[in-house]
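Chains A and B supply the protein sequences, listed in that same order. Quick note: the first sequence, position 274, residue 274 per UniProt numbering, numbers continuous. Quick note: the second sequence, position 24, residue 24 per UniProt numbering, numbers continuous. Cβ atoms here follow ideal geometry from the backbone N, Cα and C, with glycine treated the same way. One structure below.
There are 2 protein chains.
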Amino acid sequence: MTSNGNLEWRVNMGDGTTEILRPEASFMKNIMMRIKNFIWGGLLLKAWKFLEKAWGIANSEPKKAVHGLKVGLALTIVSIFYYMRPLYEGVGGNAMWAIMTVVVTFESTVGATFYKCVNRVIGTSLAGCLGIGVHWIAAESGDKFEPIILGISLFLLASVTTFSRFIPSVKSRFDYGAMIFVLTFCLVSISGYRVEKLFELARTRISTIAIGTSLCIFVSMLFCPIWAGSQLQSLTARNLDKLAHSLDGCVSEYFENDDDTEEMKNNEDEKNNNSKVEGYKCVLNSKASEESMANFARWEPAHGRFGFRHPWKKYLEVGGVMRKSAYCIEALHGCLNSEIQAPNSLKLHLAEPCKALSSSSSEVLKELSIVIKKMKKSTKIDFLVSNMNVAVQELQNAIKSFPSTQMEVSLSEQEEEANNEDHKAATTTIPPLMKLLPLATLVSLLIETTSRIEHVVNAVETLANVANYDSEDEKKKPSSSDNHDHNVAMRVFPEA
Amino acid sequence: MTSNGNLEWRVNMGDGTTEILRPEASFMKNIMMRIKNFIWGGLLLKAWKFLEKAWGIANSEPKKAVHGLKVGLALTIVSIFYYMRPLYEGVGGNAMWAIMTVVVTFESTVGATFYKCVNRVIGTSLAGCLGIGVHWIAAESGDKFEPIILGISLFLLASVTTFSRFIPSVKSRFDYGAMIFVLTFCLVSISGYRVEKLFELARTRISTIAIGTSLCIFVSMLFCPIWAGSQLQSLTARNLDKLAHSLDGCVSEYFENDDDTEEMKNNEDEKNNNSKVEGYKCVLNSKASEESMANFARWEPAHGRFGFRHPWKKYLEVGGVMRKSAYCIEALHGCLNSEIQAPNSLKLHLAEPCKALSSSSSEVLKELSIVIKKMKKSTKIDFLVSNMNVAVQELQNAIKSFPSTQMEVSLSEQEEEANNEDHKAATTTIPPLMKLLPLATLVSLLIETTSRIEHVVNAVETLANVANYDSEDEKKKPSSSDNHDHNVAMRVFPEA
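The following block contains the structure:
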């Protein structure tokens, strides 16, 4: 009996398999089954996977789903203008432009919506005026010259405006406006209407566009607004946290490599840990999104704790120096998988100061993240930076206090060990300097990372000053900043 | 006498300055002068600077200017459709849609234009069909339910489609199409027309959009076409060259630092050199542009040496591994400015092998750049890679051959020198291990870079195989690839 209740005959073949006997009539049925299977297995499975993915996105970033609903809402509202007859007759067939404006200018962040709306209104108005002017001149100059004047002006204006979209300052602020400018200019200057009719047309079109843009701005700001500025802020804070975890993770992984890799191998913790260690990769790839967010944030009105002229560019500077630290951490991550291992005695000697340094630097990064998240100057940061500098000093002392003679001894011990193993595993000795390479690299990359983190501290401090972050305690500041300067000096000239 | 020929009286003031006596009547003149100065000095200067910048862009990238001219041309042609009365009456007022299509879908690369045109046509057709269907259902179900059905269907469709634009697979291929889909659906389903009239409307609108899109594709492909694919290819090749120059520049700068910094300081050469050394920064920042180019290149028809299914994604993989090498070079660049310098004897000992390694690795990168530029497999690349591996081996040998006792001696020499200087400059000794740090870092980053370059070689080889690059000489390949494998093995297990 098969699963769908039909009887079937099986014949035992010579090679031990069985073959099912089917009547010829079921040939078509067979084909139908296959098509059915194809549809179920192929297309529906794909569709199901697609839906699952979409569900995953909606779950992890509900803001995106909210944006979809907001667009639906705005369009439904504007379609009332279009659908209801009294209103429809009021704005005429131009109501189409209100719908078009909503579809085209409604973006996921408030800033982007503002940018597009402002660009659309300015572009349409400017091009409308210019178009009417050119149209009038062409109409006045007689039937012969009219098409020539129109053609040449159109060609020149379209070429120049399109080219201007490549100029960075235009591209970042008026890219969309330039496109709308060309579009409106074409439609107005070429249209067969007389100038008086054009004014009437321009009036209704601009009023419908105004309806569309104001509705967009209204809906995007009132229902769960998504501010580009807040997103930039939280991205920066999150990236600082990720850097801190990566740095900590890399160093502790390097020094714990030998002891517990075996136990950790099949562990969930390790996977978690790995994703934490590789958080720096997000920082490496966040340049483009940071720039577009900062670009849109400029268009946003004052909201929450962000004033009108909040220095968004400073966030980009923080992002830039953060990325420099991330490059260093990437190189540091490369040290983890080196085949050559430093002599154990040296590794043990340096493990503590290295871990101390990495944890104190990641403390600094975490504090900076809190500064940006809470928009409050930190009283602790100077203390943490000086802690970090002390840790650098201690690491340098540890290197110094490891006398070269002892290094010699420990290295030759290692050599002997290796020689002994030679008889079993046929490995030859690794010379002293070679063995030092990875550890030396780790240490100096760690120190380099620290100095880059100090640039991040400076960038965040500049941001906090320019953006007028609240300070928790005004009185403590001068003395601790002196202290900080002193510590920087100590780090740069360690022997001073 | 002033410059404009008027007499003026000066009065000597008590504090030694002079004050000019003016008649009261010239007050207005003065203000006019100031406004004039403001216009000339402020606005016109800004405009002049802007024009200069634009001219610079047009000069350095004439393709951008050409794109402007192409848009102008396409718009002038399409406006003929709109302007000429016979044609105008033929396609009706819908000719507007042809102009709109040209303005909106004409992009600078052929691929991007194709992407937008195909999306526009598909989106419009699909939404048109669906819109007419929904419109019919709503009209059939009576006056009461009509607005409800229309409103709900519009809300659902707009929300779902807008949300789907966040799903990566939709975003990369159908982002624009989804927007057009929502737009057309709204316009069609809400319109007050009867279904028969809608069919007529849809027919003319789709035909005008077809005119617009075919004109766009025609102009963008026939007049100096700018292919996204070729741009991706040349960007990849250029980035490989830049990496090679950076690597070479960093290492030679490190070892030549002491001798000729003074002479080079005020030299034009140095500036040039610096921009070459910092070429890796371009590689670090090229991810976004590579991705968008690869995305558009998929839409391009076969052209030149690129077949229809050219593996554009493989270029992204090459870009990815290239960026990993760039991270390493960035860290290496950080070593250049270290305050602690390695003992001279050690530096001298390692200078030659380091330079040899960097020049052999940059040879590999340059050869890869030629492979991609010419789309021809290289017979030299295996030889160059084995050269690079030999150079790694030699650097390792050089480190080994520097006996630790001699290191000890040279280090203590340095210490003594430092001690002697102590009396003059009050610097204390820097201990042996500390002094080694920057050089050890440089060496191991250099070796790490080499191993990452080997990944680049593999990625380019995969690309060459998948894209069926011509091979210069088929016979030589098997033996040399064996040789290559052997060399890789040597590098990974240096003591094998």
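Can you tell me whether residue i is buried or exposed, with buried defined as 16 or more other CB within 10 angstroms of its CB?
i, result
"B/C117", "buried"
"A/P301", "exposed"
"A/N420", "Because A/N420 sits at a pLDDT of 47, beneath the cut-off of 50, its placement in the model cannot be relied upon, and the point is left open."
"B/A127", "buried"
"A/A47", "exposed"
"residue 499 of chain A", "Shown here, chain A extends from 1 to 496; a query on residue 499 of chain A therefore has no answer."
"B/I39", "exposed"
"A/E256", "exposed"
"A/L235", "buried"
"A/S362", "buried"
"A/N337", "exposed"
"A/F166", "buried"
"A/F145", "exposed"
"B/H423", "Its pLDDT being 40, under 50, B/H423 is placed unreliably by the model, and the measurement read from it follows with that caveat. So B/H423 ends up on the exposed side."
"A/K36", "exposed"
"B/D143", "exposed"
"B/R205", "buried"
"B/F199", "exposed"
"A/N30", "exposed"
Who are the neighbours of residue i on chain B, taking C-beta pairs under 9 Å?
i, result
"A/L156", "G72"
Starting from residue i, find everything on chain A with Cβ-Cβ shorter than 9 Å and list it in chain order.
i, result
"B/A65", "S159, F163, F166"
"B/Y82", "C186, L187, I190, S191, G192"
"B/G68", "A158, S159, V160, T161, T162, F163, S164, R165, F166"
"residue 505 of chain B", "Given a span of 1 to 496 for chain B in the structure shown, any question on residue 505 of chain B remains unanswerable."
"B/C117", "Those do not exist, as B/C117 stays about 16 Å from chain A at its closest Cβ, beyond 9 Å."
"B/C250", "Those do not exist, as B/C250 stays about 13 Å from chain A at its closest Cβ, beyond 9 Å."
Pull up the CB-CB distance for residue i and residue j, whole angstroms please, since I reckon it's below 8 Å.
i, j, result
"A/G68", "B/S159", "4 Å"
"A/W299", "A/F114", "4 Å"
"B/L350", "B/L439", "7 Å"
"A/S325", "A/L446", "No, A/S325 and A/L446 are not in contact; Cβ-Cβ is about 11 Å, not under 8 Å."
"A/V466", "A/K373", "A/V466 to A/K373, Cβ: 18 Å. No contact."
"B/I226", "B/T109", "5 Å"
"B/I137", "B/I149", "6 Å"
"A/A297", "A/W312", "5 Å"
If the cut is a Cβ gap below 8 Å, which residues of chain B does residue i touch?
i, result
"A/V466", "Those do not exist, as A/V466 stays about 25 Å from chain B at its closest Cβ, beyond 8 Å."
"A/S79", "L150, G151, L154, C186, I190"
"residue 534 of chain A", "Lying before the first or after the last residue shown, residue 534 of chain A is absent from chain A, which here runs from 1 to 496."
Along chain A, in chain order, which residues have C-beta atoms closer than 7 Å to that of residue i?
i, result
"B/S444", "L437, P438, T441"
"B/T76", "G151, L154, F155"
"B/N285", "K287"
"B/M375", "Neighbours of B/M375 on chain A: none; closest Cβ ~29 Å, over 7 Å."
"B/M96", "L187"
"B/M434", "Q396, I399, K400"
What residues of chain A sit near residue i, judged by a beta carbon separation below 8 Å?
i, result
"B/L183", "I99, M100, V103, V104"
"B/G319", "Near B/G319 there are no residues of chain A at all, since even the closest Cβ is about 12 Å away, more than 8 Å."
"B/M322", "What B/M322 touches in chain A: nothing, since even the nearest Cβ is about 14 Å away."
Under 7 Å Cβ-Cβ, which residues of chain B neighbour residue i?
i, result
"A/E448", "G334"
"A/A331", "Y327, C328, A331, L445"
Exercise for the section: Report the residues of the segment 291-316 of chain A with a CB closer than 8 Å to any CB of chain B, ordered along the chain. Expected result: If the cut-off is 8 Å between Cβ atoms, the segment 291-316 of chain A has nothing near chain B.
Exercise for the section: Determine which residues of the segment 35-57 of chain B have a Cβ less than 7 Å from any Cβ of chain A, and write them out in chain order. Expected result: Within the segment 35-57 of chain B, contact with chain A at the beta-carbon level (separation under 7 Å) is assigned to K53, A54, I57.
Handout entry: Residues of the segment 390-401 of chain A with Cβ closer than 9 Å to any Cβ of chain B, in chain order
Key = Those residues of the segment 390-401 of chain A that come within reach of chain B (Cβ to Cβ, closer than 9 Å) are Q396, I399, K400, S401.
Practice task
Jot down the residue ranges of each uninterrupted alpha helix (DSSP H) in the segment 318-400 of chain B, minimum 4 residues, whole runs only, in chain order.
Solution key: Counting only runs of 4 or more, we get 344-374.
Practice task
Could you name the residues of the segment 342-361 of chain B whose beta carbon sits closer than 8 Å to any beta carbon of chain A, in the order they occur along the chain?
Solution key: Residues of the segment 342-361 of chain B whose Cβ lies closer than 8 Å to any Cβ of chain A: none.
Exercise for the section: Below 8 Å between beta carbons is the criterion; list the residues of the segment 129-148 of chain A that meet it against any residue of chain B, in chain order. Expected result: Here the close residues are P147.
Practice task
Note down, one range per segment and in chain order, each alpha helix (DSSP H) of at least 4 residues found wholly within the segment 155-208 of chain B.
Solution key: The qualifying runs are 168-190.
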